[in-house]
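Residue numbers (the numbering used here): 24 to 75.
For every residue, glycine included, the Cβ atom is placed at its ideal position computed from N, Cα and C.
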Ligand code: SF4
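Printed below as a string of structure tokens:
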């Protein structure tokens, strides 16, 4: 799959990550939160993640 240079991502454990240069290969990703009132970046998740 071709990398999407608009989506930088360092989650190398995801099957959609390019591994070598930190990009996502999907055309778009779904972002969400597991918190009711997110305050810091750690509250936000990529919900398109699939274990590689
Ligand atoms: S799907 Fe989400 S976690 Fe996986 S490589 Fe793309 S941006 Fe990263």
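Length of the line joining the Cα atoms of residue i and residue j
i, j, result
"residue 19", "residue 34", "The chain is shown from 24 up to 75; residue 19 falls before or after that span and cannot be answered."
"residue 44", "residue 60", "32 angstroms"
"residue 53", "residue 70", "5 angstroms"
"residue 46", "residue 24", "11 angstroms"
"residue 58", "residue 50", "26 angstroms"
Whether residue i touches residue j by CB criterion (9 angstroms)
i, j, result
"residue 26", "residue 73", "no"
Local conformation of residue i per DSSP, three classes
i, result
"residue 37", "strand"
"residue 66", "helix"
"residue 31", "strand"
"residue 75", "coil"
"residue 56", "strand"
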